[in-house]
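Residue numbering for the sequence shown is 270 to 558, as defined by this note's numbering. For each residue, glycine too, the CB sits at the ideal point set by N, CA and C. Remember, it's a predicted structure, so these values are computed and weren't measured experimentally.
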Amino acid sequence: MELLGKLLAKFVRIAIPLTLPSRGRVMIYVGLGIVIAVIFMALAAPLLTPYPPTRSVDDPFLPPSPKHPCGTNKLGMDMWSRIVYGARTVLYVVFSAIILSMVVGIPLGLISGYVGGKLDRVLSMVMDAIYAFPSLVLAITLAVALGRSLINAAIAIAVVYVPTYFRMVRGQVLSIKEELFIEMAKVLGVPTHRILFRHILPHLIPTIMVVFSLSATDAVLTEAALSYLGLSVEFPTPDWGYDLYRGKGFVLSGYWWLIFFPGLMITLLAAGFALIGEGLSEQVRREVA
Numbered sequence: 270m271e272l273l274g275k276l277l278a279k280f281v282r283i284a285i286p287l288t289l290p291s292r293g294r295v296m297i298y299v300g301l302g303i304v305i306a307v308i309f310m311a312l313a314a315p316l317l318t319p320y321p322p323t324r325s326v327d328d329p330f331l332p333p334s335p336k337h338p339c340g341t342n343k344l345g346m347d348m349w350s351r352i353v354y355g356a357r358t359v360l361y362v363v364f365s366a367i368i369l370s371m372v373v374g375i376p377l378g379l380i381s382g383y384v385g386g387k388l389d390r391v392l393s394m395v396m397d398a399i400y401a402f403p404s405l406v407l408a409i410t411l412a413v414a415l416g417r418s419l420i421n422a423a424i425a426i427a428v429v430y431v432p433t434y435f436r437m438v439r440g441q442v443l444s445i446k447e448e449l450f451i452e453m454a455k456v457l458g459v460p461t462h463r464i465l466f467r468h469i470l471p472h473l474i475p476t477i478m479v480v481f482s483l484s485a486t487d488a489v490l491t492e493a494a495l496s497y498l499g500l501s502v503e504f505p506t507p508d509w510g511y512d513l514y515r516g517k518g519f520v521l522s523g524y525w526w527l528i529f530f531p532g533l534m535i536t537l538l539a540a541g542f543a544l545i546g547e548g549l550s551e552q553v554r555r556e557v558a
């Protein structure tokens, strides 16, 4: 509980920086506003629309109107309902992927940087090999190999970002482990796991928060790409990327809303995470300076 309290205090101090210059503060608050709004949309989906997202409710290809704010698709499904419920799908994949990559990458980075030696060389070699692949190509390859499903899409995206957390944490540990307070802990016989998770990890929280936000930005776009290629969800499951794919063939016929609203939501959510990451990055730079 004491460790959790320290981590929470560190998060609050960085995430809600009262002394942050106006530009960085505005970026964080705007980004948080967007992300929180999408999360609320996902949680309150049944309250925000009277229509089910997977059934025909009206005539096909109806333009946006008070009855159907985002129009209907070729099957007469309400696009607003698919946007709202699609937020659940996107957030599930994105948060599952990023949390999984953190759970794997952060401990491995801590151990590799602290222990060093042959273990460090082997882990670094493996992570560098994964990191060398273009992220989208690797995610697509893994998604194809694993098969179409939400959890497989999350795993494919997670593998892409494990090296990001590993490399960041390892680099920080290599520097911090030379500090006097770590040397004193070793002399006093403090167990290795206690040094790693109680003395070193709290110092990494600001940087981890930045990487989390920026990797979430990429994960939103990667999830959309996998869905667009048919490697994530199966119809009629609502998903912004998949709806973008299904609507692209009707744009030239004048049904612009079929791609406009899914594309807008993908852009907004990615921008929200990016703004948080950039604002936090500015705060971290100020602390280091």
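Rounded straight-line distance, which links the Cα of residue j to that of residue i
i, j, result
"Y400", "V326", "46 Å"
"P335", "W349", "11 Å"
"Y430", "M437", "11 Å"
"R417", "I451", "46 Å"
"T341", "R439", "50 Å"
"C339", "Y434", "38 Å"
"P507", "L490", "16 Å"
"K446", "K387", "18 Å"
"Y383", "L465", "8 Å"
"V299", "L544", "7 Å"
"P460", "S393", "24 Å"
"L419", "L449", "46 Å"
"M346", "P333", "12 Å"
Bridge-paired residues (DSSP) for residue i
i, result
"D347", "T341"
Beta-carbon separation (whole angstroms), residue i vs residue j, contact threshold 8 Å
i, j, result
"V359", "W509", "6 Å"
"L379", "V442", "6 Å"
"L415", "I424", "6 Å"
"A356", "A422", "Not quite, the Cβ-Cβ distance comes to about 16 Å (not below 8 Å), so this is no contact."
"L305", "A540", "For the record, residue 305 in the displayed sequence is Ile; it is not Leu. Between A540 and I305 the Cβ distance is about 14 Å, and since that is not below 8 Å, they are no contact."
"A494", "L405", "6 Å"
Proximity test, Cβ basis, 7 Å: residue i and chain B
i, result
"A398", "The displayed structure is made up of one protein chain only, and chain B is not part of it."
Contacts around residue i, its chain only, beta-carbon distance under 6 Å, and the 5 residues preceding and following it disregarded
i, result
"M371", "Y434"
Neighbourhood of residue i by C-beta, 7 Å cutoff - its chain only, sequence neighbours within 5 removed
i, result
"I528", "L513, G516, K517, V520"
"K343", "P329, F330, F519"
- Task: Determine contact between the segment 456-465 and the segment 482-499, defined as no fewer than three beta-carbon pairs at a distance below 8 Å.
- Result: Counting C-beta pairs with one atom in each stretch, the segment 456-465 and the segment 482-499 have fewer than three that are closer than 8 Å, which means they do not touch.
- Tell me, please, whether the segment 492-505 touches the segment 461-478 by the rule of three or more beta-carbon pairs shorter than 8 Å. Contact between the segment 492-505 and the segment 461-478 is absent: fewer than 3 CB-CB pairs across the two stretches fall below 8 Å.
- Query: Is there contact between the segment 473-480 and the segment 298-317, where contact requires at least three CB pairs shorter than 8 Å?
  - Reply: Taking a contact to require three or more Cβ pairs closer than 8 Å, the segment 473-480 and the segment 298-317 do not qualify as touching.
- Message: Would the segment 543-550 count as touching the segment 522-529 if we require 3 or more Cβ pairs under 8 Å?
- Response: Contact fails: fewer than three Cβ-Cβ distances are below 8 Å.
- Query: Quick one: any contact between the segment 361-368 and the segment 416-430, if contact means 3 or more CB pairs under 8 Å?
  - Reply: Yes, they touch.
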